[in-house]
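Chemist: Pasting a structure below so you can have a look.
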Amino acid sequence: MLLQIAFIVAAGYGALVAAAYFAQAKLVYFPAVGREQVATPAQMGLPHEELTLRTKDGVRLHAWYVSVPQPRGVVLFLHGNAGNISHRLDSLAMFARLGYATLIVDYRGYGRSGGRPSEEGTYLDALAAWRHLTAERGIAPEDVVLFGESLGAAVAAWLAAQVQPRALVILSGFVSVPELGQEVYPFLPVKWLARFRYATADFLKDVSCPVLVAHSRDDEVVPFRHGERLYAVAPGPKSFLELQGGHNEAFFFVRPEWERSLAEFLDSTRPVR
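Written out as structure tokens, the structure reads:
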């Protein structure tokens, strides 16, 4: 009888492990959450261009370029794993108030972009956005700030390790998918099962530009210690900004004190001409 119970338990656990292994993409990406475009920058009085970017592997991406008069720089915005660019209008408005133009792009499989999401694909998507700014628009790399939120923080850190931007901002980032997953699912051997890495901490070790890490102690999805570790591994120059509020609350930096802190960091990285 005990052997039968042990077999049933082992079989059930094996089935759970197998399901977790094969369903990983559905646990990492949520492109169907608000895939429809709900608004445009024009509804917030922001002039913008509708863009279609093409990646090295031929995927067509939907993007917006929000312009401002006499920009102090350009922000390349890489969003998190749910929703699309139309859910980040408060962020675009905030960067405009700070005097920064913004290029925001939907990853493959998100919003109006083609293709299906994958880890390598998100890196190629970010690279396509970078090339649009630097090669097609002729914007100097030292005028481009990379901004990544949550999963986008890993993508932004990867890109910052490949190119030489003016600065990198990490909002609510995690150390890596395996490490975060092991904390969320302690009963599973996540570090052995993980097919996605998004190793933000490893990428940061190869970043040479100034880095701002912003994280909330109230973050219920990515614990505060992840932000602390990301700050610890960043070579510097670097800054840490402690936030308040949950992971999925409205954009943190719309609060005046944090917007001021971000403005100070960005101003400190402006090239002298």
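First residue of the sequence shown? That's 259 in the working numbering, and the numbers climb one at a time after it. A virtual CB, placed ideally from N, CA and C, is assigned to each residue, including glycine.
(1) Given that a residue counts as buried once 16 or more other Cβ atoms are within 10 Å of its Cβ, and exposed if not, what is S526?
(2) Keeping to the same chain, check which residues put their C-beta closer than 8 Å to that of E517; ignore five residues upstream and five downstream.
(3) Please classify H345: does DSSP put it in a helix, a strand, or coil?
(4) In chain order, which beta strand (DSSP E) runs of at least 3 residues are fully inside the stretch 421-472?
(5) Taking buried to mean at least 16 other C-beta atoms within 10 Å of its own C-beta, is P327 buried or exposed?
(6) Any idea if E303 is buried or exposed, counting beta-carbon neighbours within 10 angstroms, 16 or more meaning buried?
(7) State whether the stretch 485-493 contacts the stretch 311-330, with contact taken as three or more CB pairs (one from each stretch) at a distance under 8 Å.
(8) Using only the alpha-carbon positions, how far apart do F288 and V435 sit?
(9) If you count every other CB in all the chains shown that lies within 10 Å of the CB of F523, and 16 or more means buried, which is it?
(10) Within 10 angstroms of the Cβ of S466, are there 16 or more other Cβ atoms? Answer buried if so, exposed if not.
(11) What does the alpha-carbon distance come out to for the pair E441 and G431?
(12) Quick one, are the C-beta atoms of V324 and I397 less than 8 Å apart?
(13) Around the Cβ of P399, are there at least 16 other Cβ atoms within 10 angstroms (buried) or fewer (exposed)?
(14) Are the Cβ atoms of T313 and L382 separated by less than 8 Å?
(15) Pull up the distance between the alpha-carbon of V421 and that of L385, whole angstroms please.
(16) Name the two residues that bound the continuous beta strand (DSSP E) containing T527.
(17) Which residue wins for smallest C-alpha separation from P378, given the options L417, L451 and G341?
Modeler: Quick look at the numbers:
(1) With fewer than 16 Cβ atoms within 10 Å of its Cβ, S526 is classed as exposed.
(2) M352, R355, L356 and F511
(3) helix
(4) If one requires a minimum length of 3 residues, the beta strand (DSSP E) runs lying completely within the stretch 421-472 are 425-429, in chain order.
(5) exposed
(6) At residue 303 the sequence reads Gly, which differs from the Glu that was named. Exposed: under 16 other Cβ atoms inside 10 Å.
(7) Taking 8 Å as the limit for Cβ pairs, the verdict is that the stretch 311-330 does not touch the stretch 485-493.
(8) 15 Å
(9) buried
(10) exposed
(11) The straight-line gap from Cα to Cα measures roughly 15 Å.
(12) Between V324 and I397, the C-beta spacing is not below 8 Å.
(13) Under this definition P399 is an exposed residue.
(14) yes
(15) 9 Å
(16) Looking at the DSSP string, T527 is not in any beta strand (DSSP E), and its letter there is neither H nor E.
(17) According to the sequence shown, residue 378 is Glu rather than Pro. Looking at the Cα atoms, L417 is the closest of the given residues.
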